[in-house]
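Protein chains in written order, with UniProt numbering: chain A, 1 to 492; chain B, 1 to 492; chain C, 1 to 492; chain D, 1 to 492.
Even glycine gets a Cβ: it sits at the ideal position worked out from N, Cα and C.
In this text, all values refer to a predicted model and were calculated from it rather than measured experimentally.
All remarks here apply to the structure that follows.
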């Protein structure tokens, strides 16, 4: 009897975990809280599929994606030498911004200040960054020029763009210009190269090759969460459950069947995957789904095709729909926005939009959190040292000015510490911070995700009437007002 | 003969304050920090005028504004009974949102969740709120329906709108409808009443009556910051200084002369007000000023009129300009965005826009902070009690469900505590919080203002190479990761 | 008994005109037809006021407008020498396009091809035009750059803009640049000068000076149509009648009282002007009025102020409304769009919009038509000669190529003929054509106006069941198909 | 062995046609003129490919298109009964407007007045039309609701939409609603059915099946213009020639090779098709091509793939490009907009846009013109009768009112005549008129096409220095002014 294939079907007590596991449970099993939330009030759980219920194995999945778009570029005319590049998971970080004018990858904070900047695999020094961005700042709203790479699907693309910059910069056949490369009569702007990568991405998504390969080798690419059937059964006992995915029906069917019907269960017969949900919606076109939406149609689950016309009847169990909108879901399930906890991995399409436009409760899945927690644990000393130096620097400033050698020395040491901390995560650093500064991704996570965790399955470790309690947020003046001894700002 | 009229012209030591004042200095003299900032790096200080350099006396100024728009409404046909209403500073709070569909004043958090809701002077209970807003949530981006009242100039308008609701609701001549009042053939929608108030506001601003009355009685309406000349002189020694106001030149001239030329100075002769600035820009049309801007023209300071054509020469000292944009200012002063500390009172027009679009450093003046600090000091006990009950509630949830009488009792006590805390600020509560939850205004302050304080003059208490140090922000998973004992989320 | 003051109160027979007048009636008493229309089907007549019922005397009115904006420019800093310019009615033509980039006045056809181009009072030769517009074509949809001057109110502005170009081009203090004038540090772009003129226009409209002067001297500025009371009474007998003007109530009251209450009538007592209409709407904000419109409010005719709230009752006779929309009018009068004949002078705001968005029948008042008809009558010979030369040229082309001296000679003669025809109208030529080519204005008139005439009063000459018959339009292939002898295209 | 496959390679004299043909040449060989144009001034000829150089055989091509989208609909779930419908060329007319709200096909004039209205194959009477459109008028700018079917590619779609209405209206399983059909829980709105047809259209275009079948059976679907090689050679001698098509390269290659390389020529060897053009641009994305355009890339003519990067060198003969814009074409060919005569079949994408945005000279190919001319010739009597009745009606109106039986009788006779004329063209009537009123298509043709003809090849019948002379357009007041005898409007 294969154990890793055994589906957990529940323990006797509420928590669902034997006592000895309680101690072992590490931080990657925990759920973190930005805004308090009582599970007992949740009348409806919604799930995205990709990277939420279906965890794609890393780096196998990104590697496949990278190779497909790399090969596509070569097939449309890019040099064969590109085939020598292979995916390196230690380079890219999610949440970067691409500057299509100068071909740089940027890590920025929520206000558009640049934290890290690379061109290909070369990391620009502060001095060089200022040549491109005199204010070390970008106008993020210029979406014509700057593109966010905020999903896990963007990782292969991020890396490939760096490969292209690397290759053409080094290749002697091409002349380096400010906004691209020249080869004889041919001008390749960074912008057109970005467009080519985007087109290649679209190509492999639209022609189905990425999905086909995934489905043909599910064991290789999709992680099977052992106790997922138990987890879904457990929450379906107390609340409504829906699946809302941008994927099409055939792919959803293949993935969900693999996740929910192919494991051995210790109790009772296997159930069809659709029976785990009150409502299944495919082709959701998020984020549009959280606004005006599209027409809701029924899916013929035998053929995978859409039924013609729009379904106007009551919700029928096991029925699969295509399209629709978040409003339609609330109507069909008879729930209000704030009764819903929506679990997804896409900070913009899943979390920001459902929160901002519909007032849903949100749970962000952040697979990178396992590594983030691990590094934070190990390198926290560097962060504490940074904090100490910061305070020391503030003290120094009371007496000397910034040209003082001691100040310059501390600033240098802080840069080194920041760099050492960053590379402990990956070459482009942490998803969430650069030294003591937080990334755009991190500030969006804070604003829009009520809860976050490495995996949605971690909900299984909490009783379903649990109150997730956020520590109260104090503003600067509230923190310091009653507390004169640690008054950092007070000079005199 | 030192009176309140004497201008402070500087002390000998860096801090600018005699030793005995250091002890006395309370929190309302302090500057609070959201993001670290080294004054030494600031090469340029910019100031808004209204509510920044020119503090309008409260409630005298709001009272005048209220009466002018109230009288205007009566003069365009509103019932004379409205004249009985007088401005009550204890009611309105800045930063409310008006719902023009249902005529309610709303206090919301950054995601659009409703914290407080009033109709006229009647405060809706949670149950009533849900009748209007089933999800206790508004779609803030529907700016056609919802209007932010985020400036101090909006206070009189906020109060007047409540008065209108109050009057017509009680007046027996009018029938109460869901979206307005009916009187015979006449339908007054809440929307059209809002439009009438807006038009009245525009009227008193455009016909100059508000300005005229202010200028005719400056002593009554404008606070004279005693050491403003000293302060401006001091920063002009180390950096460039500009004034950027949406007001016109004649009004600016009157106000600034009053502030800078009519006080007795202990050292040296009075200087003309314009000599305190490297650049003076009026009619700035912020927030447009931080984007595409308008044509930059010179003002003839003798006549107050614009010169024709666009000035293309170098910056000339004492020259006054009209229009332009933040880019033009940077060019004229030869500074980069992040070299500028911009001090203003308008969270949207001054702070959010300068930060988000131009990467400027920002200092938000929050006059209400004096009171906020005072109440916080006195009522902090309530907040601590709220926190305790929150933790207690979380503990209870582990064992019992939410229908348990103990839980209901605690929830009731928390509501009472929140209410008691709120009314300690004003009837609509604090500018920054409602119980333990933060307002939209508060979250914008956190995101966009690097520094904030009761008054800009508080900069005088810090040496000009001061490093304002923000406490590092930890995310939920970083806080708990190394610290197992206070693990609030861990159940089992 | 003053004859010119005597109001026509009706004749006995249907046509309303004594027999002897029938003979004398010239073309300026006729109504011209673009699309057939049966008056008998018209259930509702709508009138604009300015330039439709109230004919402003030319050039007195334009002269006043010109002087007011000229003086305003000088008062905001433009050189005093400008005061020497006086309005010359022989220069401007309505319907020109201003190019704010190059400061030129353009006459264009419906596709944007340039017919005439002037810079100040200097007319550019074909060769010069191509320097600015290589394709002799403008992209009319670039409304940021090109502005239509299509109303009679624009005439003073048109002339003033030409004066400015003239003055600064000649004035030795200013250097001529491609896009403006330079004087020391001062750059005056053509665009900013256009903006200044626009601002001055807005100023004299908003501060009421233009209206005040008009009202104070109605005899000087407003033509009294002798039989207007008779005309309105006559159509009100058979249909509903409304007035829809963008003017405010006080101005409308003054003008309409002058037009309808101050003349001696031969039959019966004078009636109040409002009794001539079923519905009076002021502040209509056309063209917005024909789309989403604004809130409909009642006007208190004693005070001229708006009543608060929105009127929801039935239509009451003599009631004056403010705002609203064309849909609201149809509801109040219980008529459909195609039952309405709307009479106005503004090709865009009155005619194009009411036709295109609401399907109304339209009648364009074209005061210039008197002169256009007169010149056409006199100079028709030139046009016939142009036609002859055109045919001759086509013949020549069959045998020789375009470098042939005979062809060049004919082309030169055609240019001369076109010029002679143009200047017979005014310096900028006819409102409707340049030689054999039609203007943008002319093509809009054709497309959107069902009827057009010198004055709306000409309706009085037609019985109210008249069928205005448009000659059928044949396309080129329909004209030639059955008619082989005059086949102009067939070469061989 | 001269067959229809023999390419005409030119005659000796200019006209290119032997003398005896001159006489025989009928109207379908003629080019009609809306605005005068001298061929000698044309320095550059541009051609669209589909329906311009490549004439698709009718009804074979539309039949194939119809069957493909019909089958697609059935394959996505529409009832199998639909397969019984076959394409009927006698029903649809190009240029109709679909009302997706009510499911009607509308024929409208340029102002949106309804001329003909059908629901399925049922033609609505005037009385019924008013139930849907009380004003017999549509707001054409509401493009969300109304869709133009203005290309020849839309014919199959037009017919299929009528078939769907017909089927579901008759089918007893479905209930007829105002905006769709209901079947149990399933609501099929007219809008969603329109969307399904559109999606099916996109499907057969995107998956290439339409192109594949065309290429596999070129003889069946594409007409070979006999003297096309001669024609292109002839104009290439005197001007530049380009091809600009929205089709991709592989399809263009197949079609153009068939048209230009597979015929037997009488003189000299066959030339490769690309040698007939100075510039070949595929994937043009018209109408976007006439505005901002897309990136210009080179096509590798061996593989059909795009070269990476953007071509920046000089124009090379025989090179094929993808994308670009009309501006880029002018640069590459060194011509101005008005030197270009652009020949296309798409009134909006080819003609309106090139004329309005770029000032090009335009030649609209209207294949239906052969039939239009034929019917016009035959049925002109009906039109003359209509005209006579119109005049008679106008006369009658002078004496009697519209309830007079004689008037009613004439109106009835005019309706019958209009109907008889319409059906002589097809069930939906003429492309260009309904009785004496012109269609939207007709008025766009008049405004934007300088020349029009049944086929572009008709240019071969005119010498290349020909002057196409348009008859001068007179306005109503110009026509009548000197011509008192036929004064139709003058009553008295």
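Any C-beta of chain A under 8 Å from that of residue i
i	result
residue 491 of chain B	Note that residue 491 of chain B scores 35 on pLDDT, short of 50, meaning its location in the model is unreliable and no value can be drawn from it.
C-beta neighbour in chain B for residue i, strict 8 Å
i	result
residue 438 of chain A	yes
residue 306 of chain C	yes
residue 475 of chain A	yes
residue 283 of chain C	no
Among the options, the one whose alpha carbon lies nearest that of residue i
i	options	result
residue 29 of chain A	A/358, A/370 and A/389	A/370
residue 377 of chain C	D/342, D/299 and D/479	D/479
residue 209 of chain D	D/459, D/191 and D/65	D/65
residue 358 of chain D	D/372, D/386, D/325 and D/70	D/325
residue 494 of chain C	C/164, C/42 and C/406	Residue numbering for chain C in the displayed model covers 1 to 492; residue 494 of chain C lies beyond these limits and cannot be assessed.
residue 54 of chain B	B/337, B/466, B/300 and B/258	B/258
residue 276 of chain D	D/319, D/140 and D/294	D/319
Test: residue i CB closer than 8 Å to a CB of chain C
i	result
residue 173 of chain B	no
residue 379 of chain D	no
residue 83 of chain B	no
residue 299 of chain B	no
Residue-chain proximity (residue i, chain D), Cβ-Cβ < 8 Å
i	result
residue 76 of chain A	yes
residue 472 of chain A	no
residue 502 of chain C	Nothing about residue 502 of chain C can be read from this structure; chain C reaches only from 1 to 492.
residue 192 of chain A	yes
residue 134 of chain C	yes
Residue range of the beta strand (DSSP E) that includes residue i
i	result
residue 66 of chain A	Run containing residue 66 of chain A: none in the beta strand (DSSP E); it sits in the alpha helix (DSSP H), 60–75.
residue 154 of chain A	Per DSSP, residue 154 of chain A belongs to no beta strand (DSSP E); it is in the alpha helix (DSSP H), 154–170.
residue 452 of chain D	451–453
residue 106 of chain C	104–108
Host alpha helix (DSSP H) of residue i (start-end)
i	result
residue 195 of chain C	190–206
So does the region 356–374 of chain C actually touch the region 433–448 of chain C, counting three or more Cβ pairs closer than 8 Å? yes
Is it the case that the region 234–245 of chain A contacts the region 196–213 of chain A, given that we only count it when at least three CB pairs across the two stretches are under 8 Å? no
Does the region 153–162 of chain D come close enough to the region 280–296 of chain A that 3 or more CB-CB pairs lie under 8 Å? no
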